[in-house]
Structure formats: structure tokens, C-alpha cells
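Student: In this text, residue positions in the sequence shown follow the numbering used here: the first is 67, and each later residue adds one.
Using N, Cα and C, we set each Cβ at its ideal position, and we do this for glycine too.
Quantities reported herein were computed from a predicted structural model and do not represent experimental measurements.
Structure incoming, see below.
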Amino acid sequence: MPVIKILPHPEYCPQGAEISAPAGTSICEALLDNKINIEHACDMSCACTTCHVIVREGFNSLNEAEEEEEDLLDRAWGLEPQSRLSCQAILAQKDVTVEIPKYSINHAKENH
67 MPVIKILPHP EYCPQGAEIS APAGTSICEA LLDNKINIEH ACDMSCACTT
117 CHVIVREGFN SLNEAEEEEE DLLDRAWGLE PQSRLSCQAI LAQKDVTVEI
167 PKYSINHAKE NH
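What follows is the structure in C-alpha cells.
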């Protein structure tokens, strides 16, 4: 079973974490199943950017991003070449390391 290493995030995962999830699971589902309550305002329907993550290791093992996801990512806060919407990034057999950005588009607008 692939392991997801989550880098420390002050709100969602202050100490960082390592969790396991079966291949075929989205990163978002895996985080939520392990009580890492990443934002997912559209209920994982690929309609917002609140579940944006940056895949620091294992990016190429994930499924390829669809055009709809690519278009949404253009609006994500802190976009990087390895950015994915965690609700659309499906685990394969390899371990991945992800960083949850400091802000989502929701937080940036509310000045948190």
C-alpha cells in the first residue's frame, strides 16, 4: 500500500504525518480518512481549488491531470509545476510526499 508523507502544515497537520492508502484512492480521500481535514469545498467534484496540494515526491506516479483540473489549478494560491487538486490525484503503487499550501483561495480572500 502506498504511503503519503504529509509535510508539516500549521493548521491541518502541525507535526507532519505518514499515512497509508490503497492504490486507486485520491490523496484528498486518504487525508480525510486519516483525520487530516484538508479543505474540499466542492465535496471532491473538481469544481474548486481548496484541496490544492504540491506533490514534492512521486508526482509522476499519479494519474495525469485532466484539462478541467488544469484549468482550475490556474486559479490556485501558490501554484507550482507539481501542483494537483488532491481530489483528482489518484495514488498508484508508489509513495508520495505532499505539501498542503499555507493558504487556499478561500483563506486568502478571508485574510486568515
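For Leu151, which beta-bridge partners are listed by DSSP?
Tutor: Translated into the one-based positions of the sequence shown, residue 151 becomes position 85. Answer is His118, bridged to Leu151.
Student: In three-state DSSP terms, what is Ala96?
Tutor: One-based indexing of the sequence shown puts residue 96 at position 30. Of the three classes helix, strand and coil, the one that applies to Ala96 here is helix, per DSSP.
Student: Kindly indicate which residue of Ile72, Leu151 and Pro88 has the alpha-carbon position closest to the one of Gln81.
Tutor: In the sequence shown, the residue the question calls residue 81 occupies position 15. Measuring from the Cα of Gln81, the nearest candidate turns out to be Ile72.
Student: Grab the span of the alpha helix (DSSP H) containing Glu130 for me, first residue to last.
Tutor: On the sequence shown, position 64 is the one that residue 130 refers to. Note, Glu130: premise wrong, no alpha helix (DSSP H); not H, not E.
Student: Among Val164, Pro147, Lys168 and Ser170, which residue has its Cα nearest to the Cα of Ala83?
Tutor: By 1-based counting over the sequence shown, the position of residue 83 is 17. Closest option to Ala83, Cα to Cα, is Val164.
Student: What distance in whole Å lies between the Cβ atoms of Glu105 and Ser149, which are believed to be in contact at a cut-off of 8 Å?
Tutor: Taking the first residue of the sequence shown as 1, we reach residue 149 at position 83. Taking the first residue of the sequence shown as 1, we reach residue 105 at position 39. With 8 Å as the limit, Ser149 and Glu105 do not qualify as a contact, their Cβ atoms being about 15 Å apart.
Student: Identify whether Glu146 lies in helix, strand or coil by the three-state DSSP scheme.
Tutor: Within the sequence shown, the letter at position 80 stands for residue 146. In this structure, Glu146 counts as coil in the three-state DSSP scheme.
Student: Could you tell me the alpha carbon to alpha carbon distance between Trp143 and Met67, rounded to whole angstroms?
Tutor: Locating residue 143 in the sequence shown gives position 77, counting from the first residue. Locating residue 67 in the sequence shown gives position 1, counting from the first residue. Going from the Cα of Trp143 to the Cα of Met67 covers about 31 Å.
Student: Considering only C-alpha positions, which residue in the set Lys160, Ile166, Ile85 and Cys94 is nearest to Phe125?
Tutor: Taking the first residue of the sequence shown as 1, we reach residue 125 at position 59. Ranking the options by Cα distance to Phe125, first place goes to Lys160.
Student: Which value, in whole angstroms, describes the spacing of the CA atoms of Ile120 and Glu146?
Tutor: The count along the sequence shown starts at 1 and reaches residue 120 at position 54. The count along the sequence shown starts at 1 and reaches residue 146 at position 80. Roughly 7 Å between the two C-alpha positions.
Student: Smallest Cα separation from Cys153: which of Arg122, Ala87, Cys112 and Gly90?
Tutor: By one-based count along the sequence shown, residue 153 stands at place 87. Residue Cys112 is the option with its Cα nearest to Cys153.
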